[in-house]
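In the UniProt record's numbering, the protein residues as written are 1 to 124.
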């Protein structure tokens with residue numbers, strides 16, 4: 001019994017040391033995985049195909065969007081686009097004195113159709 005306890009006593013510090021040595025590497029790898037560029041084309045790529053196509057046409061190039069460009073309501077049945085969170089290479093021009101362009105699409109079957117387009121504040 002004494003010999004078994006001796007092995008555990010010598011083994012525990014070795015395991016603890018190995019964990020301490022490996023921990024900084026794990027933190028270093030984890031911090032790189034979660035990086036997401038605030039102006040990211042993936043936010044456009046995740047849109048349904050016909051909505052993505054409409055945004056690309058309006059932008060006239062390679063659109064990039066912030067996290068809250070598209071918000072989803074009613075279990076993703078409604079998509080609201082906030083154009084103040086869209087960046088286009090040609091500038092876009094989606095804002096005026098009344099606010100920025102917002103569009104709402106509703107899912108009907110496998111497609112989404114535009115139901116509302118208006119200029120408003122970014123806090124709706």
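Using N, Cα and C, we set each Cβ at its ideal position, and we do this for glycine too.
Item	Value
Which residues share a DSSP beta bridge with residue 56?	Its beta-bridge partners do not exist; DSSP assigns none.
Taking residue 107 as the reference, give the member of 77, 118 and 117 with the closest Cα.	77
Can you find the residues in the same chain that come closer than 6 Å, C-beta to C-beta, to residue 121, ignoring five residues on each side of it along the sequence?	99
Would the beta-carbon of residue 88 fall within 7 Å of that of residue 109?	no
Between which two residues does the beta strand (DSSP E) carrying residue 75 extend?	No beta strand (DSSP E) holds residue 75; DSSP gives it neither H nor E.
How is residue 82 classed by DSSP in three states: helix, strand or coil?	strand
How far does the beta strand (DSSP E) with residue 102 in it reach, from first residue to last?	99–108
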